[in-house]
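Only one structure is covered here, and it is reproduced in the block below.
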C-alpha cells in the first residue's frame, strides 16, 4: 500500500465507490466487494483501515434506473442513498463484516445529517451481522464512524458522539455546504474559505464533542494536508489527519517541530479573529517562527 510507504500509520479513508468504476453490476455483489476489501485490509499489514460506504448519487449505481434523477449535490447520496437501496446496502455491509476478520477495519457512513440516519445505518449493519451469524460465520466487533461534512452533523456532534465510535471531518464538503459556495464555480470560489470563523467554530464543536465522549476525531480533505493549517488543527485538539500519501512526509515534519501548547495558543487567537484573512496572517506569523519553515 503506497500510503504506508510514505509513513502513514493506517488508511484513513478508502472511498468504496471506487470499486464501482467500470465494474457494472458485478461490482455490487457481496463476494466481489468482500474480495476487494480483504485485499485492501491484508495489504495494510495490520494497520487500521477506514472504509467509507458508497458516497455516490443514484445515477452512478450500476444497473439502477436513475438516469432522469436530478444530480443535485444535496440530493439522494451518501448514507441516504444506501438507506434507500437496501439491495445495495446489505451486500456492502455483509462484505465489510466478512472482511473485518482479516485485520483492523473501521466502517464510516458518509453524508450523515443527524442521529436518525446514524441509527438507521447501524440497524442495517446489525441486520447484516445477524445474517452472517445465521450462516454460522463469526462477526467481529467493528468500530462505526460518521463523516462530519454536513453543518447539522457538526452542530449536533455531541449527540452523534453518544452513538458513534469515531468521527472524520470531511472539510471540503463541510466548508462549501456551510458557506453555500460551490468551489468549482470560479465566480464564487473566492468565498470558499477554510479559515472562515464559522468553520473554525464548527471544528472546535466537533473536536470537543469527541474529546468529551472519548472517541477519535480525524480530519480529512485539503485542510488536513495544508502545512499552514496544521497548527490550527492541533490547537483545536485534533490529532489524526488523513491526506494523500505524498503529503505525509512534510506534514510529519511540521508536526514534529510543533509544540502543542503553542498551537493551542494560536488556535485560541484564531477563534477570536473576525475574518479569514486575519486568521491566515496569524498562522503565517506562527509558521515563520518555527525551526524549519516548509
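Residue numbers (the working numbering): 60 to 353. The C-beta atom is built at its ideal place from N, Cα and C for all residues, glycine as well.
- Task: State yes or no: is the beta carbon of residue 200 nearer than 9 Å to at least one beta carbon in chain B?
- Result: The question asks about chain B, but that chain is absent: this structure has only one protein chain.
Let me check understanding here. Comparing Cα to Cα, which of 136, 144, 289 lies closest to residue 307? Position 248 of the chain shown holds residue 307. Out of 136, 144, 289, 289 has the C-alpha closest to the C-alpha of residue 307.
Tell me whether the beta-carbon of residue 99 lies closer than 9 Å to the beta-carbon of residue 158. Counted from its first residue, the chain shown places residue 99 at position 40. Counted from its first residue, the chain shown places residue 158 at position 99. Cβ atoms of residue 99 and residue 158: closer than 9 Å.
| query | On the three-state DSSP scale, how would you describe residue 205? | reply | Within the chain shown, numbered from 1, the residue matching residue 205 stands at position 146. Here residue 205 sits in strand by DSSP.
Practice prompt. For residue 145, count neighbouring C-beta atoms within 10 Å of its own C-beta (all shown protein chains included) and say buried if the count is 16 or more, exposed if not.
Written response: By one-based count along the chain shown, residue 145 stands at place 86. Per the 10 Å Cβ criterion, exposed.
From the DSSP output, read off the bridge partner residues of residue 299.
-> Mapped onto the chain shown, residue 299 falls at position 240. Partner(s): 277.
ask   = When the Cα of residue 152 is compared with those of 328, 180, 171, 139, which residue comes out closest?
value = Indexing the chain shown from 1 puts residue 152 at position 93. Closest by alpha carbon: 180.
Review point. Between the Cα of residue 69 and the Cα atoms of 266, 108, 194, which residue gives the shortest distance?
Key: Taking the chain shown and counting its residues from 1, one reaches residue 69 at position 10. Closest by alpha carbon: 108.
Hey, quick one: how far does the beta strand (DSSP E) through residue 392 stretch, first residue to last? Summary: the structure shown does not reach residue 392, with the chain confined to residues 60 through 353, and so no result is reported for it.
Find out if the Cβ-Cβ distance for the pair residue 338, residue 314 is shorter than 9 Å. On the chain shown, position 279 is the one that residue 338 refers to. On the chain shown, position 255 is the one that residue 314 refers to. For residue 338 and residue 314, no; Cβs fall outside 9 Å.
Nearest neighbour of residue 147, chosen from 256, 75, 346, 237 [CA to CA]: As a first step, residue 147 is located in the chain shown; it is residue number 88 there, counting from the start. Residue 75 is the option with its Cα nearest to residue 147.
Determine the contact status of residue 242 and residue 234, defining contact as a CB-CB distance below 9 Å. Reading the chain shown from its first residue, position 183 is the one you call residue 242. Reading the chain shown from its first residue, position 175 is the one you call residue 234. Against a cut-off of 9 Å, the Cβ pair of residue 234 and residue 242 comes out as a contact.
Taking the Cβ atom as the reference point for each residue, do residue 54 and residue 209 lie within a distance shorter than 9 Å?
The structure shown does not extend to residue 54, since the chain spans only 60 to 353, so no value can be given for it.
Work out the CA separation of residue 139 and residue 217 for me, nearest whole Å. Within the chain shown, the letter at position 158 stands for residue 217. Within the chain shown, the letter at position 80 stands for residue 139. The alpha-carbon atoms of residue 217 and residue 139 are separated by roughly 21 Å.
Tell me whether the beta-carbon of residue 225 lies closer than 9 Å to the beta-carbon of residue 165.
As a working mapping, residue 225 is identified with position 166 in the chain shown. As a working mapping, residue 165 is identified with position 106 in the chain shown. Closer than 9 Å, so yes.
If you follow the alpha helix (DSSP H) that residue 190 is in, where does it begin and where does it stop? By one-based count along the chain shown, residue 190 stands at place 131. Run containing residue 190: 174–193, per the alpha helix (DSSP H) assignment.
**Request:** From the DSSP output, read off the bridge partner residues of residue 164.
**Result:** On the chain shown, position 105 is the one that residue 164 refers to. In the DSSP output, where bridge partners are listed per residue, residue 164 has 108.
Just to confirm, are residue 287 and residue 326 a CB contact at a threshold of 9 Å? Here residue 287 is taken as the residue at index 228 of the chain shown, counted from 1. Here residue 326 is taken as the residue at index 267 of the chain shown, counted from 1. No, Cβ-Cβ distance for residue 287 and residue 326 is not below 9 Å.
Going by DSSP, which residues form a beta bridge with residue 70? Along the chain shown, one-based indexing puts residue 70 at 11. Residue 70 is bridged to 108.
Q: Take the Cβ of residue 350 as the centre, count every other Cβ of all protein chains shown within 10 Å, and call the residue buried at 16 or more, exposed below.
A: Looking up residue 350 in the chain shown gives position 291. Classification of residue 350: exposed, given that the 10 Å Cβ count is below 16.
Report task. Pick helix, strand or coil for residue 331, following the three-state DSSP scheme. Result -> Translated into positions along the chain shown, residue 331 becomes position 272. Three-state DSSP puts residue 331 in a helix.
message = Considering just the uninterrupted stretch of the alpha helix (DSSP H) at residue 318, what are its terminal residues?
response = As a first step, residue 318 is located in the chain shown; it is residue number 259 there, counting from the start. Per DSSP, residue 318 belongs to no alpha helix (DSSP H) and is neither H nor E.
(Q) Measuring straight from C-alpha to C-alpha, what distance separates residue 194 and residue 215? (A) In the chain shown, counting from the first residue as 1, residue 194 sits at position 135. In the chain shown, counting from the first residue as 1, residue 215 sits at position 156. In a straight line, the C-alpha of residue 194 is about 38 Å away from that of residue 215.
- Item | Separation of residue 332 from residue 126, as counted between CA atoms | Within the chain shown, residue 126 is the residue found at index 67, counting from 1. Within the chain shown, residue 332 is the residue found at index 273, counting from 1. Bear in mind that a pLDDT of 48 at residue 126, under 50, signals an unreliable position, so the number given afterwards is only what the model happens to contain. Spanning the two alpha carbons is a distance of roughly 46 Å.
Pop quiz: residue 276 and residue 297 are said to be a contact at Cβ under 8 Å. What is the actual Cβ separation, rounded to whole angstroms?
Position 217 of the chain shown holds residue 276. Position 238 of the chain shown holds residue 297. 6 Å between Cβ atoms; contact.
Pick from 191, 285, 136: whose alpha carbon is nearest that of residue 172? Within the chain shown, numbered from 1, the residue matching residue 172 stands at position 113. When each option's Cα is compared against that of residue 172, the closest is 136.
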